[in-house]
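In my numbering, the protein residues as written are 41 to 507.
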């Protein structure tokens, strides 16, 4: 994995792949579900009693002094108890679903962040109930079925899976209830109206900014008092390490962003597209880091007033200008695999031959002839966007003319490849959004802002005891 060092900010920049995609409801719930550590034997089943006829030794020995059927509270939120078991079951699903291998320090961090998430969930459910917002069991069950389907399981199989990994059906359903309750409460209590004049003003502003650069940024912010600065800095480094370990398609960044101290926690840390003017309003250390980054890279920990930030640059674009990266290509790919047992000398000779013959291609009509000479396979694809290719190939494809081929690329394991450009459909049309797109964006932004204000007030007024 590529790593650069941003010298002036002390931030590490690491290539991540595409993390900008939103998760579906089921996957989003899974990304938020977390808990660690207790062994499966210490988890209390939620809706079952011990079976009769267990294979229990006659001369058994009890190991340890802790009664596994006693749930000791770790926090009491306005009278509602959050137990260590609650936290363990949440982390258990996150760890199992992603097949994570966590160090003791990482596990402790996951448990700490999960405890904060459970406190917020409890406050959200309590507030919704004060407004007589009711979520019927059938609604929770329907969403639960969706999650199970996303796991490729039936409801019964999902229940068995959760218990097998040390989690529970109750834990996941509690997460679902909190999501549904809070969303319904917001729809009832938050009235957002965006007028036509506001929308038109935004569109006119975008037209004036046409051609300037915008930056799509995500953030994680961690508050740090002076006496805790080093501790929080270390936590931020652990978070970066966890994000770097993510599997393809995982939004580990979004998980941590939902637990950060920024107002963007409600949008998985998404600051959306920032204009040059908006970017200038951020702390100078962040501005410097963002402008020095390339898309799909992570930077941090970056010191900012009051704490540290981790940022991810999703993409950049020119306002109102078609993005060359959106051009669709028609390609032919030649590929040659190395036979098992190929020596380094043989591989080098094969690469040299491949490079020499591939450079004789002048148009896709000659691909078949060269493929025969090389003993190569040919694959056609007529709908590849430049931005969907790996970074190094993007830069090459932007410069190629129709009929040209890329230099050979590949690895000892996967063999050698070359792409031949057969055609290009350039991206067309301005990128200035329409009226309804602008209106929806403004409404969502204001709802998220109001939601964070409400949750902040709930935290401020809550009575929370830690045990």
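Where is the CB? At the ideal position from N, CA and C, for every residue including glycine.
Asked	Found
The alpha helix (DSSP H) enclosing residue 221, as first and last residue numbers	209-229
Contact belief for residue 202 with residue 212 at Cβ below 8 Å, rounded distance in angstroms	7 Å
The segment 308-319 / the segment 250-266 touching (three or more Cβ pairs under 8 Å)	yes
Local Cβ density within 10 Å of residue 388, reported as buried at 16 or more and exposed below that	exposed
Beta-carbon proximity list for residue 230, same chain, < 6 Å, skipping 5 on both sides	487, 490
Reference residue 237, options 278, 476, 397, 506, closest by Cα	476
Nearest-angstrom Cα separation, counted from residue 353 out to residue 334	7 Å
Whether residue 450 touches residue 375 by CB criterion (9 Å)	yes
Anticipated Cβ contact below 8 Å, residue 132 with residue 192, distance rounded	So it is not a contact: roughly 19 Å between Cβ atoms.
Neighbourhood of residue 272 by C-beta distance below 7 Å, restricted to the same chain and skipping five residues each side	262, 264, 347, 348
Exposure of residue 300, with buried meaning 16 or more beta-carbon neighbours within 10 Å	buried
Span of the beta strand (DSSP E), counted from its first residue to its last, around residue 450	449-451
Simplified DSSP state of residue 364, which is helix, strand or coil	helix
CA-to-CA distance, residue 199 to residue 279, given in whole angstroms	30 Å
C-alpha distance - residue 367 paired with residue 422, whole-angstrom precision	11 Å
Where residue 316 falls: helix, strand or coil (DSSP)	helix
Residue 324 - containing alpha helix (DSSP H), residue span	324-332
Through-space distance from residue 460 to residue 398, alpha-carbon basis	9 Å
CB of residue 447 within 9 Å of CB of residue 411, strictly	no
Unbroken alpha helix (DSSP H) run spanning residue 435, endpoints	431-439
Ordered list of beta strand (DSSP E) runs contained in the segment 112-147, each at least 3 residues	113-117, 120-123
Expected contact under 8 Å - CB spacing of residue 158 and residue 122 to nearest Å	5 Å
Cβ pair residue 283, residue 473 closer than 9 Å	no
Beta-carbon proximity list for residue 118, same chain, < 7 Å, skipping 5 on both sides	166, 502, 503
Residue 386 versus residue 458 - alpha carbon distance	19 Å
Where residue 134 falls, given that 16 or more other Cβ within 10 Å makes a residue buried	buried
Where residue 494 falls: helix, strand or coil (DSSP)	helix
Short Cβ contact (9 Å threshold) for residue 173 with residue 210	no
C-alpha gap between residue 214 and residue 378, whole angstroms	52 Å
Whether residue 114 touches residue 155 by CB criterion (9 Å)	yes
Residue 492 versus residue 252: straight-line alpha-carbon distance, rounded	31 Å
Cβ pair residue 362, residue 342 closer than 9 Å	no
Endpoints, the alpha helix (DSSP H) within which residue 299 is located	No alpha helix (DSSP H) contains residue 299, which DSSP labels as neither H nor E.
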